[in-house]
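J.: First the structure, which I've put down as structure tokens, then a few questions once you've had a look.
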Amino acid sequence: MAEKKQAPLNTLLTIYFYHTRLTRESYEEWKEYKFPGHILYGLPLLENYGIHSVMHKCKYFSSRLKLMFYATKEILFCKEKYDVLYATSFRGIEPVIFLRALGLYRKPIVIWHHTAVVTNPKPWREQISRLFYKGIDQMFLFSRKLIQDSQKTRKAPSLKLKLIH
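Under the numbering used here, the first residue of the sequence shown is numbered 73, with each subsequent residue one higher.
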């Protein structure tokens with residue numbers, strides 16, 4: 073008897089998949105069993121749930137500032153429609169996150185956060201950091217310890233922090 077494929081849970085959701093590496097190429101290699109899937113942060117599984125992905129066009133820059141300008145331009149002026157910005161890291165999309173915190177970017181932002189959220193000893197930097205984290209709607213973290221340490225800073229409410237491993 074043929075195995076039933078799981079019915080799509082959400083056929084209307086489209087994400088903008090932001091990654092700091094060549095995603096399209098890596099995804100095609102993964103399909104041919106030539107690339108490890110864990111580096112794609114769930115991308116291969118999303119189709120099973122009816123989630124369509126718009127892939128970020130990755131370019132490498134020696135300057136983080138150039139990366140931020142490029143990534144922000146690509147995200148804000150993307151011609152394909154998408155509902156959620158799904159990022160494997162906030163590196164490069166900091167301006168978009170600040171725009172979201174200020175209410176100038178309307179789409180929800182979901183990121184993988186690879187370390188615990190920390191408190192900055194300089195008060196002005198701490199205030200900027202608090203504003204930054206207001207622009208993130210959901211954060212995926214890799215351990216309960218990272219979530220607990222992040223909660224101590226009170227920058228991100230518990231409802232925003234999800235354990236994924």
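Cβ coordinates follow ideal geometry from the N, Cα and C atoms, glycine included.
Quick one: any contact between the segment 149 to 169 and the segment 180 to 195, if contact means 3 or more CB pairs under 8 Å?
T.: As far as the Cβ criterion goes, the segment 149 to 169 touches the segment 180 to 195, which means the pair count is three or higher.
J.: Would you call the segment 129 to 145 and the segment 167 to 176 touching, i.e. three or more CB-CB distances under 8 Å?
T.: Yes, they touch.
J.: I need the DSSP call for T144, collapsed to helix, strand or coil.
T.: Locating residue 144 in the sequence shown gives position 72, where the first residue counts as 1. Here T144 sits in helix by DSSP.
J.: Could you name each continuous alpha helix (DSSP H) segment of 4 residues or more that falls completely within the segment 149 to 200, going from the start of the chain to the end?
T.: Within the segment 149 to 200, the complete alpha helix (DSSP H) runs of at least 4 residues are 166 to 173.
J.: Under the criterion of a Cβ to heavy atom distance below 7 Å, does W184 qualify as lining the ligand FMN?
T.: In the structure shown, the ligand FMN is absent, as is every other ligand, since no ligand is present at all.
J.: Select from A188, M211, T86 and H91 the residue whose C-alpha is nearest the C-alpha of G122.
T.: As a working note, residue 122 is residue 50 in the sequence shown. Among A188, M211, T86 and H91, the Cα nearest to that of G122 is on T86.
J.: Just to confirm the assignment, what range does the alpha helix (DSSP H) spanning L218 have?
T.: Within the sequence shown, the letter at position 146 stands for residue 218. Segment R216 to T225, the alpha helix (DSSP H) holding L218.
J.: Under 7 Å Cβ to Cβ from R216, same chain only, skipping five residues before and after it: list those, please.
T.: On the sequence shown, residue 216 is found 144 positions in, with the first residue counted as 1. Closer than 7 Å at the Cβ level, and outside the excluded window around R216, lie L235.
J.: What residue range is occupied by the uninterrupted beta strand (DSSP E) comprising H124?
T.: Residue mapping note: residue 124 aligns to position 52 of the sequence shown, counting from 1. It spans H124 to M127 - the beta strand (DSSP E) in which H124 sits, taken as one unbroken run.
J.: Using beta-carbon positions only, say whether C130 and T92 come within less than 8 Å of one another.
T.: Taking the first residue of the sequence shown as 1, we reach residue 130 at position 58. Taking the first residue of the sequence shown as 1, we reach residue 92 at position 20. Result yes, Cβ atoms of C130 and T92 sit closer than 8 Å.
J.: How far does the beta strand (DSSP E) with I87 in it reach, from first residue to last?
T.: By one-based count along the sequence shown, residue 87 stands at place 15. Residues T86 to Y90.
J.: Assuming Y35 and H128 form a contact by the criterion Cβ under 8 Å, report the distance between their Cβ atoms to the nearest whole angstrom.
T.: This structure does not reach residue 35, given that the chain is present from 73 up to 237, and the question cannot be answered.
J.: Helix, strand or coil, according to DSSP, for K232 in the structure here?
T.: The count along the sequence shown starts at 1 and reaches residue 232 at position 160. K232 falls in the helix class under three-state DSSP.
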